[in-house]
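Sequential numbering of the sequence shown, starting at 63, is according to our numbering.
All residues carry an ideal CB built from backbone N, CA and C; glycine is no exception.
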Amino acid sequence: MTSVKKLLTDLHVKYIQSLDTKKDDLEYWLTEHLRLSGVYWGLTALDLMKNLDALHREEVVKYVISCQHDNGGFGGHVGHDPHLTHTLYAVQILAIEDALDAVNAEKIVECKQDESFWLT
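And the structure:
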């Protein structure tokens, strides 16, 4: 008996869209440090499902920019310390959204000069 499996794209999209609406859940706040990486993985999944527009581009870009620090690096969420991994996610998100011009690329490159950035 052969069963054809179908990806329920609409349900996946709705789930990804709902992730930032569960602000009353403790888990939402306990995973705050993972927020930027979650945006990257969610956006990547939406792109693979050809639903990139399911998240509002302007809101995504605004959020990513809000995670950037003066040294050019990005934190995992607003107010979190910058880290190489989160900086990579931020650049990848901006590339996916075709918004690399929204940040100062020179500043991102400069952050690698700061040794404390690499040690965190």
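Review point. When the Cα of GLU172 is compared with those of ALA157, ASP109, ILE158, PRO144, which residue comes out closest?
Key: Translated into the one-based positions of the sequence shown, residue 172 becomes position 110. The shortest C-alpha separation from GLU172 is found at PRO144.
Review point. Between HIS142 and CYS129, what straight-line distance do the alpha-carbon atoms span, to the nearest angstrom?
Key: For the purposes of this step, residue 142 is identified with residue 80 of the sequence shown, where counting begins at 1. For the purposes of this step, residue 129 is identified with residue 67 of the sequence shown, where counting begins at 1. So the two alpha carbons sit approximately 8 Å from each other.
Review point. When the Cα atoms are used, what is the spatial distance from GLY137 to THR149?
Key: As a first step, residue 137 is located in the sequence shown; it is residue number 75 there, counting from the start. As a first step, residue 149 is located in the sequence shown; it is residue number 87 there, counting from the start. GLY137 and THR149: Cα-Cα distance of roughly 7 Å.
Point to revise | Backbone secondary structure at HIS145 - three-state DSSP | key: Counting from 1 along the sequence shown, the entry for residue 145 is found at position 83. Reduced to three states, the DSSP call for HIS145 is strand.
Review point. Looking at the unbroken alpha helix (DSSP H) that takes in GLY100, where does it start and where does it end?
Key: Position 38 of the sequence shown, counted from the first residue, corresponds to residue 100. Counting along the chain, the alpha helix (DSSP H) containing GLY100 begins and ends at 97 to 110.
Exercise for review: Count the CB pairs spanning the stretch 83 to 90 and the stretch 110 to 126 that are closer than 8 Å, and state whether there are at least three.
Suggested key: no
Practice item. Give me the Cα-Cα distance between HIS139 and LEU70, rounded to the nearest whole angstrom. Key: Within the sequence shown, residue 139 is the residue found at index 77, counting from 1. Within the sequence shown, residue 70 is the residue found at index 8, counting from 1. Looking at the two C-alpha atoms, the distance is approximately 30 Å.
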